[in-house]
Every structure is written in C-alpha cells, then in structure tokens.
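Enquirer:
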Amino acid sequence: MDFHLVKETWKLRAFGFLKIPLIFFCSPKLIEMTDDAVEMVIPLNYRTKNHLGSMYFGALSIGADIAGGLIAMRLIQKSGNKVSLVFKDFRAEFLKRPEGDVHFRSTDGAKMKQLVDLALATGERENDTVEILATCPSKLGEEIVARLYLTISLKKKTERKSA
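Residue numbering for the sequence shown follows the working numbering, starting at 27 and increasing by one per position.
Structure, rendered in structure tokens:
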C-alpha cells in the first residue's frame, strides 16, 4: 500500500471518529482512490458480523456509503466550492452471504464529475445514482456478493447575507 492510501485511510477514519462514529467503528481501509474509482474494505470481525457469521447489513451499508460518497466528496473538494452532499435513497441486491472481509468498489467517477459540475452550474439540487459492487475475495474471489445503489444529491451552498 502506498503512502497516499495510508494517509487517506487515516483521514477517513479521523472523519469517522469526529463526525460519523459508525464509520470509525467499522475500521475501513482504502485500497484505491482516484477521481474515477474508489475501492475500500471493511474487515469481518466481531464489530461487523451478524448472528450468522456474515457481514451485518448495517456494515454493508456503511461500506456502500463510503465507496459511493468518497468520489463525490473528493471532486467537491477539488472544485473549491461548498456543496451540500446527502444520500437521497438506498437500494441493495444481496446475492451471497459475505463471510469474510468485504471489498466495496465504485467506478462512477465520471458520472459524479458531471453531477458536481451540474450542481455548480445550476445552483439547484441535482441527483444521480452510483453503483457499488461488493465482493468477498477471501471466500468467493471476484464473485459479486451485493450490488448497492445510492442516489447522491448535491446542491451548491449559497452565501447567506448578514443582516
């Protein structure tokens, strides 16, 4: 793992610790982070597994949140503008039980770049859906265990006039 990914993993965990403790609690680790794709892993352990020994639905949702949201957050930060990011909806297809560490991958960077540009240009709330594929390489190789879909909603923040 290169230094850049170690640094980004620690930034993600610090963000989780300070703002969204459940992210920190799941101990995510970044594998790849570019403007085009994010891949991260959440380990299967006592914090993330359910009563059947597979990854708990909530931990899978956190993985999708990170993989889907990080690309948008990175592009917003690069734009130099203040943009509000929220998740409008969530949909999932669970295909197999993930009984090992789960890798979450989104390759919708180009789509998110268009969404950020559109939100900045219109000043209106703009939405688009990203797909996150979850795999469990230690048990099932590259076979997909879940497809998760998040609709990301962005709106440029306007400066408030002081009275």
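C-beta atoms are modelled at their ideal positions from N, C-alpha and C, and glycine is treated no differently. Computed from a prediction, not measured in an experiment: that's the story for all the values here.
Using 9 Å as the threshold, is the C-beta distance between D91 and L176 below it?
Expert: Your numbering for residue 91 matches position 65 in the sequence shown. Your numbering for residue 176 matches position 150 in the sequence shown. Going by C-beta atoms, D91 is nearer than 9 Å to L176.
Enquirer: Does the Cβ of V128 have 16 or more other Cβ atoms within 10 Å, making it buried, or fewer, making it exposed?
Expert: For this step, residue 128 is matched to residue 102 along the sequence shown. Answer is buried; the Cβ neighbour count reaches 16.
Enquirer: What runs of the alpha helix (DSSP H), each 4 residues or longer, lie entirely inside the segment 88-170?
Expert: Runs of the alpha helix (DSSP H) inside the segment 88-170: 135-148, 163-166.
Enquirer: So, does the segment 138-146 touch the segment 65-76, judging by three or more C-beta pairs under 8 Å?
Expert: Too few Cβ pairs lie closer than 8 Å, so no.
Enquirer: Under three-state DSSP, which class holds E14?
Expert: Nothing can be reported for residue 14: it is not among the residues displayed for the chain, which extend from 27 to 189.
Enquirer: Applying the criterion that 16 or more other CB atoms from any shown protein chain within 10 Å of the CB defines a buried residue, is G95 buried or exposed?
Expert: Position 69 of the sequence shown, counted from the start, is the residue given in the question as residue 95. Buried, because 16 or more other Cβ atoms sit within 10 Å of the Cβ of G95.
Enquirer: Evaluate the contact criterion for the segment 107-127 versus the segment 78-86: three or more CB pairs, one atom per stretch, below 8 Å.
Expert: Touching, yes, given that three or more Cβ pairs across the two stretches are closer than 8 Å.
Enquirer: Which residues bound the alpha helix (DSSP H) around I49?
Expert: If you number the sequence shown from 1, residue 49 lands on position 23. Where I49 is concerned, the enclosing alpha helix (DSSP H) stretches over 47-51.
Enquirer: Assuming N153 and S179 are in contact, meaning their beta carbons sit under 8 Å apart, how far apart are those beta carbons, in whole angstroms?
Expert: Your numbering for residue 153 matches position 127 in the sequence shown. Your numbering for residue 179 matches position 153 in the sequence shown. At roughly 5 Å, the Cβ-Cβ gap stays under 8 Å, so N153 and S179 are in contact.
Enquirer: May I ask you to report which of helix, strand or coil DSSP gives A85?
Expert: Looking up residue 85 in the sequence shown gives position 59. In this structure, A85 counts as helix in the three-state DSSP scheme.
Enquirer: What span of residues does the beta strand (DSSP E) with L190 cover, start to end?
Expert: Any property of residue 190 remains undetermined from this structure, which presents the chain solely from 27 to 189.
Enquirer: In whole angstroms, give me the CA-to-CA distance for M99 and K165.
Expert: Taking the first residue of the sequence shown as 1, we reach residue 99 at position 73. Taking the first residue of the sequence shown as 1, we reach residue 165 at position 139. The straight-line gap from Cα to Cα measures roughly 31 Å.
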